[in-house]
Structures are given as structure tokens and as C-alpha cells.
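Chains as they are written, first to last, in the numbering used here: chain A, -7 to 348; chain B, -7 to 348. For every residue, glycine included, the Cβ atom is placed at its ideal position computed from N, Cα and C. What you are looking at is a predicted structure, and each value in this text was computed from that prediction instead of being measured.
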């Protein structure tokens, strides 16, 4: 920290991304990437000819990509904004819909980035505790003045909030924006996108980093009423007008058009999730119900930190959060079946095979 | 604008990027892109194999790219941060080094984005008038408490501030950061990078959008003392940890390593600039001295707006700013020699051939 750092920046809570050690090859089950390569259509779209055009700016309006996303979700382009990952989109939303007198409210156990971004704009952050069983009680959010952010499915638990609950919130407090972060929705949860036509206070964010196998392309988007999207563009054009690069614009559009590949990848992840959950439960683990491409699991016979370390020693990276309420758990990304088999074999090898 | 927009976001000044009309093919001399494709090394780096790896996140530390940049500039990796274009880096710097009681000071005629970004963080913006001849009087910045941002060369004038002036500012006010935006420095201006070893209050930003022919790759970077870079990373990890996508990391490293190609492109732009300036001066234009890949020119015989419109009718896009002090000028990006020949022919055709 330099002596020049502003007092505002001293109050930040920088997010720690999942580790990416380079000392050896790991099976990476710690950052919720897809185990599958991007659609073959992406490889066809990112050509040498297009790489040769990188001397030209990207389209600041992201017209082709937004059009493809709009078509996929039955919306108009005016209902879509694309960003450099959904993290950027979330930052735009915090700036647009929060400020003095209107903070941000989110669960105590959720994506750690909401807290970081609230601090970025000096916003009041209201952490609303989940119930003991990690379910979200929508009544806790009724009548709050803060803008609400709900990850659905939630991270790192993988658990969902019923869309009927979110509808109740939207109806009850029409003068307050609800942001539903659907980064993991494609792995079996119900989406709030159909509610967009009905509620002008609903913003849904999604990402191509998980179900579209494009984490390294950095493409996130938000869907909502035209006026909300205009507000987000107002922030975007005050921050970085050319926020999505040329090749990602192409890759994203190709990915979103390949519905069959997308469906096949999502199904495979769900199958592997079911298999892995059963294998862990047989071994005495408690696994929270997951609708995401990861599971949150704990064992009475080993602490979360110890399990994380033993798996890492054996070449498998999972994510462990050294935080109250969730310290006993590890978050395990659902990889390919082969990776999941190695995970379970390793768990047996480190002595957690069920003795029953 | 929705009724949900925060009062902070209502005060934004969104930046208007150069137009990108799609009604016909234009000779684009309006956004200061390079007329040359990226280095052949870039095409070699962005392979199908690498595109196939987009399912994995990019390296949040940008280690390989930062290492390549550091080597090119005789610095260490700890002196480098890379962003999604230098606009993102500038935003990080505004958040890190400005706040309550410390606004941002910049010229009245300069890159319009400083104003937009200052507003993004609710900062006080101090616009310091350039002299009548558009030169910057460094004395105006001495003893200001605000963080200073100087575009060198300046946009849209193309004119430079002597490095000795910036040195004087750094020496005189060691407790205040000076940000030197060197987006256009490679086209003939003197860089402040050698001063980094000497001054812990100097941050230099650069971009690969111009001299490295990678506008569509969105790669900007800042160079400075380790502590300043740490501060910027603090903001980055509160905003978007994976801020540079995988393919741009590769493209950027390949571009920065191809010194010969870079030098050849910069020389060609300078040659074309000299040729174009002479051709315009022969035709009675006033052209400001430019060290950038654009020129700022006006004619007594046609208004800036009219020249912009006539060129557009003839298939050539240039940039015109409908603003006090510079309304008479157009900003013309230096393109290929062929493009410059068409520009001059068109100027003659629309009746601005010198009658002398």
C-alpha cells in the first residue's frame, strides 16, 4: 500500500480468486470452470482472419452478441448488456442502482464479490444471514430500502431460492431493484428471465464462464427492462466503452447459438454431479442440495481445511473458505467423470472410505 | 433513464466513442486505430489450441504478459499492471489515488474520458485551461492538491509536454501522484518511463490499441513504483480479478516482443503524418504540431463541422468535437499512405484546393 492510496481505496475488500499454483499439474476443481472445451462453433468463429482484424476497435454496442443473446432468451437487444465477465456487469449495477441512502443487501454466505464491489463505490453493505440450513428467507428482504442481490443458485452452497419467492419480492417492493445473479442457473435451477417482461425492477445477470465453457473469454451479461439496461450503459460509457474485445464478441455469439452443445454440456455436468454426490454420501459426507456446477460438502471425520490440504497434496484443487458457518465445508467443482472418479479414489486413499 | 438510477449515476458524463456507422464502407480516420494489422507473431500466438482452452479462466495476475512488458521497458513485473484497455487502468487509478479532499486535475482540452471517470467515483474534477496555443503550462499544476492527469502527447491536439516539465512537477509535489497517459507516446514523443526508477509518485499508462495494432484486443497497462501498482491491484481485485481474457494475454505478449514490427509501424505512421501535414499546410490548413498518430487541423475556408460532414459524405470518417476552443478543428487519424492520398484528393475535390 502506498502513501498515496485514497481513504476510499483503503476501505476496499479485494477478492481472492481461486489459487492457480504452477508447481505441478492439478485437477482443478476450485474455480467452477467447465470441464469441457468451448463449442466447436467458437473455434470456427475465432479465425486467423478475425485475429488479423484486432487493429480495429471492437463494437462498443456489442450489437451482434447482444442480438444473439436476446434471441436465445426471447428478448430484444435493448434488454441486454454484455460485459467483461459478469463481475463487470455487477459493478455497473452497483454503481447504477445503489448510492447514498440506498446500499446493497445480500446474504451473509454468498459470492464474496458483492462485498468487494459495494466497497468499491463506498456503499453500505447489509449482510442478511441465511437460515441455519443455508436456505434464504425471502421475508428478510421485504421492506428493505437497499438494492437486493441474490445469487440463484447461491455460491458456495449451490442452493436455490424459489422463483415464486423472488416474484413476491419484486411485487412487494416495486420501487427497488432486485438483481438475481444466475451465474449457475443453467445446471438445473429455475431462471427468473421469464419475469423480465413483467417486472421493471428485475435485473438478471448471467455468465458464459460456466455453462458456455468460456471462462477465459470473459463474457457476462445482464437481462432486464430497457430502462435498466440504459442505466447500465450509462455507467459502462463512463467506465470503458469498448469493454468487450473483438474475439470474445465472436466467441460469445457462436457459443450462445450452439444450443445442442450447451444442453449436452449442462446435462453431463448434472449427471456427474449426481454421481459425485452419491459417492460422497456413501462415504458419510453431508452434501448440500446443489443446482450448480459445484457441490458444497463436509465430513464429520475431517475438517474442511484438512480435506482441502490433503486433496491438494494429492494433486486435486478444491476451494475452502476459512470463514464462520462454512469452515467445515469444501466447494468442489463438478468436472468430467474421469476427474470425479479420481476425486473419489483420492478421498478413499486419504482414509475417508466409509468403514461401515 | 429508469426511476431506479442512483443520484450518483445521474451525475455521470458518459463518453461518446467515435461513430461506427454501418451504412457503407468508410475510410476510418476517426478513432486513432493503427492502419496496420497486428504483428504476425500475434497471429501465431492466437491458435485454435488456445481458443480451445477458453473454458479455463485467464491468469488473474497476467504474469506472462506483465513479464513481457516489464522486460520491454527495463522494469520488473511488480512495476506493471495490465487492464482491459487503458480506460480500465485509468479508472483503477482514479479510485486508488483520488477521493474526498483529493480530486483530479487535467487540462480543459484533453481526453474526454478523464471527466467521465472522475464522475464515476464522485470526484471533484479541476479543468485547467491550456494556453491559447494549446500548450500546457506546468506552473498551473504546481501546488494543486488534486491528483494530476496529463495526456502526453495530448488528445485531441497531438501536442506534447516536455518531460523536464513533468519532472519539475514530480519533484516539487512529491506527495501527490502524477498520472501521465502515454497512449500516443510511441509516435515520436519522449516517454516518462525512465523517471519511474526515480519518482515513486509517477504512474505512466500506455495502451496496445495504437502503436501495437491491438485496439480490438483491449490491452492497456500502467508502469510505476511497486507500491503504486499494488494499490491498483487492490482496486482491480475489488472490481474484476480476471480482467484480461486469455487470448488478449497471448496477443499482447506476442506484440510487445516483436520490437522490429512495432518500430516499422511507428515509423510508417510518422512518415505518413509528415506527408499529410505538409499536404494540408500547402492547402492553407493550420495543423497543430503532432507527436501522435493523428493530427488536429483547421482551415479558414470551412468550419470544422462542415469539413467533418463533407468528408463523411465522401466516405471518410474523421472526428469533430462540437466544443468551445476546438470547434474549428477536425481530428484526423493517420492511416496508410493510400488512405492519406484519398483524404487529400477528397479535400481537393470538395473545393479546398489552394487557389494561390
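{"Asked": "Is DSSP giving residue 45/A helix, strand or coil here?", "Found": "coil"}
{"Asked": "Any Cβ of chain B within less than 8 Å of the Cβ of residue 174/A?", "Found": "no"}
{"Asked": "Rounded to whole angstroms, what's the CA-CA distance from residue 126/B to residue 141/B? Just pull it up for me.", "Found": "16 Å"}
{"Asked": "Straight-line CA distance for residue 161/A to residue 192/A?", "Found": "13 Å"}
{"Asked": "Any contact of the region 281 to 290 of chain A with the region 207 to 215 of chain A, i.e. 3+ C-beta pairs under 8 Å?", "Found": "no"}
{"Asked": "Would residue 107/B be called buried (16 or more neighbouring beta carbons within 10 Å of its own) or exposed?", "Found": "buried"}
{"Asked": "Quick one: what's got a C-beta closer than 8 Å to residue 234/B's C-beta in the same chain, skipping five residues either side?", "Found": "49, 50, 52"}
{"Asked": "Going along chain A in order, which residues have a C-beta closer than 9 Å to the C-beta of residue 207/B?", "Found": "46, 47, 48, 49, 50, 234, 238"}
{"Asked": "How many Å lie between residue 202/A and residue 215/B at the Cα?", "Found": "33 Å"}
{"Asked": "Please tell me whether residue 191/A has its Cβ less than 8 Å away from any Cβ of chain B.", "Found": "no"}
{"Asked": "Any idea which residues DSSP pairs residue 195/B with across the strands?", "Found": "171/B, 216/B"}
{"Asked": "Leaving out five residues before and five after residue 296/B in sequence, what residues of the same chain have Cβ atoms less than 7 Å from its Cβ?", "Found": "290, 312, 319, 320, 321, 322"}
{"Asked": "Terminal residues of the continuous alpha helix (DSSP H) containing residue 142/A?", "Found": "Premise fails: residue 142/A lies in the beta strand (DSSP E), 139 to 143, not in any alpha helix (DSSP H)."}
{"Asked": "For residue 150/B, name the three-state secondary structure that DSSP assigns.", "Found": "coil"}
{"Asked": "Which residues of the region 79 to 94 of chain B have a Cβ closer than 8 Å to any Cβ of chain A? Give them in chain order.", "Found": "79, 80, 83, 87, 88, 89, 90, 91, 92, 94"}
{"Asked": "So is residue 148/A buried or exposed if we call it buried at 16+ other beta carbons inside 10 Å?", "Found": "buried"}
{"Asked": "Count the other CB atoms within 10 Å of the CB of residue 198/A; is the residue buried (16 or more) or exposed (fewer)?", "Found": "buried"}
{"Asked": "So that I know if they touch, is there some Cβ in chain B lying closer than 8 Å to that of residue 197/A?", "Found": "no"}
{"Asked": "What are the boundary residues of the beta strand (DSSP E) that residue 118/A is part of?", "Found": "117 to 120"}
{"Asked": "Kindly say whether residue 29/A, judged by its beta-carbon, lies nearer than 8 Å to any beta-carbon of chain B.", "Found": "yes"}
{"Asked": "Starting from residue -6/A, find everything on chain B with Cβ-Cβ shorter than 8 Å and list it in chain order.", "Found": "192, 217, 219, 220, 222, 223"}
{"Asked": "In its own chain, which residues sit with a C-beta less than 6 Å from the C-beta of residue 31/A, not counting the 5 before and 5 after it?", "Found": "247, 250, 253"}
{"Asked": "Distance check for residue 334/A and residue 18/A, CA to CA, integer angstroms please.", "Found": "11 Å"}
{"Asked": "Helix, strand or coil: which one does DSSP assign to residue 36/A?", "Found": "helix"}
{"Asked": "Kindly indicate which three-state DSSP category residue 313/B falls into: helix, strand or coil?", "Found": "coil"}
{"Asked": "Would residue 9/B pass as an interface residue toward chain A - the criterion being a Cβ-Cβ separation below 8 Å?", "Found": "yes"}
{"Asked": "Please name the residue, chosen from 176/B, 178/B, 158/B, that lies closest to residue 188/B on a Cα-to-Cα basis.", "Found": "158/B"}
{"Asked": "Excluding the 5 residues flanking residue 90/A on each side, which residues of the same chain have their C-beta closer than 6 Å to its C-beta?", "Found": "96, 115, 139"}
{"Asked": "Please report the residue range of the alpha helix (DSSP H) in which residue 304/A lies.", "Found": "296 to 305"}
{"Asked": "Please go through the same chain and pick out, in chain order, the residues whose beta-carbon is closer than 6 Å to the beta-carbon of residue 348/B, but skip the five residues on each side of it.", "Found": "Note on residue 348/B: pLDDT 46, under 50, position unreliable in the model; no value is reported."}
{"Asked": "Just checking: is the beta-carbon of residue 243/A within a distance shorter than 8 Å of some beta-carbon in chain B?", "Found": "yes"}
{"Asked": "For residue 342/B, which option in 324/B, 307/B, 129/B, 42/B has the closest C-alpha, if you only look at C-alpha atoms?", "Found": "307/B"}
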